[in-house]
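Working notes for the structure below.
In our numbering, the protein residues as written are 638 to 1027.
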């Protein structure tokens, strides 16, 4: 329940508020010498959203698109469409003109592909798996649409030598378990100094065991079920495969949580003893699974952090913010949280490498839905520079 209020509803409303504030100061026109540079609506936006944070992901696209002056056609995930219907009701209740917000539910293989190829759509904003994102980009290329992709992640939480291990590891475990692990930006790889691996594993085990798995309607529950039976099978297959490859189970595993004989539940799981190149350390599991990897020195830690096809998020824990910031500069990822810093809805979010293209949130998110026009104006000639002779 607390996750629903904070991560699903609270963050969505924070995004709405941030764009209301941004419109008070955003400059849609500027002068560059003799030119007036205009920022104009890019056109019709297709917003294709996933099932893991359905309300937040929808508003992270709809709010900046409307702020930019673009009409939106929203296609929610077929597993979680109801919040999109609530947004449609709200759009009607506040008096948005017909055609400004449009809702078209249905399977991605039909509705998503139609929107990606339709000549009447100017921008496609897609959040989902990297595989589907590639297909969306390919289909949109046929009509040379602008495409914004927010895709998968395999983010690292890097604990530097000298950092306080207990809060860093505990926070990393908590981050991985939010939303039952179904978060693209989750810190699913914990990198710790080899000399502190035993302490880190003990802290991780204790932290994982504190997370209560159960009915999501109960206030005491930390982890509800994953989205579906097929998703549960996928997560358990990752865990089982890692064990076959020699992983050590620190906490959790493939057994059902106690007293939960039915439902798509997965234990909070921590693994170690795997190769950095193993499947469990390279691929997005999308479940409550953390892999702990030791490193010899900071240079190796940076190499490990960057050694996946993804680059969406991450964190760095240091003895001080300056030390952590210096390492954050070396990471090939779109967002880095230092020493537990809070989420900022006005800061850009998006990925390097196969984690996507473009950015959401803040002015960067609105610029995805704006075209730029240069108008040369005779009466605005730039002054001739004066040069002095010596």
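By construction, the Cβ of each residue, glycine as well, lies at the ideal position given by its N, Cα and C atoms.
Asked                                                                                                                                                                                        : Found
Kindly give me the distance between the Cβ atoms of residue 863 and residue 640, rounded to whole angstroms, as I take these residues to be in contact under 8 Å.                            : At roughly 13 Å, the Cβ-Cβ gap does not stay under 8 Å, so residue 863 and residue 640 are not in contact.
Would residue 717 and residue 691 qualify as a contact pair, given that the criterion is a beta-carbon distance under 7 Å?                                                                   : yes
Flag this pair as touching only if the region 871 to 891 and the region 915 to 931 have three or more C-beta atom pairs under 8 Å; answer yes or no.                                         : yes
Which parts of the region 690 to 772 are runs of the alpha helix (DSSP H), unbroken and 4 residues or longer, counting only runs that do not cross its ends?                                 : 691 to 704, 719 to 730 and 750 to 754
Compute the beta-carbon to beta-carbon distance between residue 770 and residue 949, rounded to the nearest angstrom, for a pair I have assumed lies under 8 Å.                              : No, residue 770 and residue 949 are not in contact; Cβ-Cβ is about 12 Å, not under 8 Å.
Please work out which residues of its chain come closer than 6 Å, Cβ to Cβ, to residue 795, disregarding the five sequence neighbours upstream and downstream, and give them in chain order. : 828, 938, 942 and 953
Classify residue 1027 as helix, strand or coil using the three-state DSSP reduction.                                                                                                         : At residue 1027 the pLDDT is 45, less than 50, meaning the model places this residue with poor confidence and gives no usable figure here.
So is residue 638 buried or exposed if we call it buried at 16+ other beta carbons inside 10 Å?                                                                                              : exposed
In chain order, which continuous runs of the beta strand (DSSP E) of length 3 or greater are located wholly inside the region 900 to 982?                                                    : 906 to 909, 926 to 932 and 951 to 954
Please classify residue 652 as buried or exposed, where buried requires at least 16 neighbouring CB atoms within 10 angstroms.                                                               : buried
Go to residue 829, then tell me how far its beta strand (DSSP E) extends in each direction, as first and last residue.                                                                       : 826 to 830
Quick one: what's got a C-beta closer than 7 Å to residue 820's C-beta in the same chain, skipping five residues either side?                                                                : 689
Starting from residue 787, follow the beta strand (DSSP E) in both directions and report where the run begins and ends.                                                                      : 783 to 787
Evaluate contact between the region 652 to 662 and the region 727 to 735, counting only Cβ atoms and requiring at least three cross-stretch pairs below 8 Å.                                 : no
When burial is assigned at 16 or more other CB atoms within 10 Å of the CB, is residue 698 buried or exposed?                                                                                : buried
Since I believe residue 788 is in contact with residue 1002 (beta carbons under 8 Å), could you give me their beta-carbon distance rounded to a whole number of angstroms?                   : The pair is not a contact, with the Cβ atoms about 16 Å apart (cut-off 8 Å).
Name the DSSP beta bridge partners of residue 886, please?                                                                                                                                   : 908
Using 7 Å as the threshold, is the C-beta distance between residue 792 and residue 951 below it?                                                                                             : yes
If you follow the beta strand (DSSP E) that residue 1013 is in, where does it begin and where does it stop?                                                                                  : 1007 to 1013
What's the C-alpha gap between residue 669 and residue 721?                                                                                                                                  : 41 Å
Helix, strand or coil for residue 1002 per DSSP?                                                                                                                                             : helix
State the CB to CB distance for the pair residue 753 and residue 761, rounded to an integer number of angstroms; the pair is presumed to be in contact (CB under 8 Å).                       : 6 Å
Since I believe residue 835 is in contact with residue 848 (beta carbons under 8 Å), could you give me their beta-carbon distance rounded to a whole number of angstroms?                    : Residue 848 to residue 835, Cβ: 22 Å. No contact.
Can you give me the Cβ contacts of residue 982 inside the same chain, cut-off strictly under 8 Å, excluding the 5 residues immediately before and after it?                                  : 648, 651, 652, 654, 655, 998 and 999
Roughly how many angstroms separate the alpha carbons of residue 813 and residue 995, rounded to a whole number?                                                                             : 24 Å
Roughly how many whole angstroms lie between the Cα atoms of residue 778 and residue 715?                                                                                                    : 25 Å
Ignoring anything shorter than 4 residues or poking outside the region 647 to 697, list the alpha helix (DSSP H) runs there in chain order.                                                  : 648 to 659
Under three-state DSSP, which class holds residue 794?                                                                                                                                       : strand
What are the partner residues of residue 820, as DSSP defines its beta bridges?                                                                                                              : DSSP output for residue 820 lists no bridge partner at all.
Assign residue 824 to buried or exposed, taking buried as 16 or more other Cβ atoms, counted over all protein chains shown, within 10 Å of its Cβ.                                           : buried
What does the alpha-carbon distance come out to for the pair residue 709 and residue 696?                                                                                                    : 11 Å
Give the single residue among 868, 672 and 677 whose Cα lies nearest to the Cα of residue 664.                                                                                               : 677
Can you tell me whether DSSP reads residue 842 as helix, strand or coil?                                                                                                                     : helix
Look at residue 1006 and residue 687 and say whether their C-beta atoms are less than 7 Å apart.                                                                                             : no
Just checking my contact of residue 902 with residue 850 at CB under 8 Å: how many whole Å lie between their CB atoms?                                                                       : 6 Å
Considering Cα atoms alone, identify which of 826, 910, 833 and 800 is closest to residue 933.                                                                                               : 833
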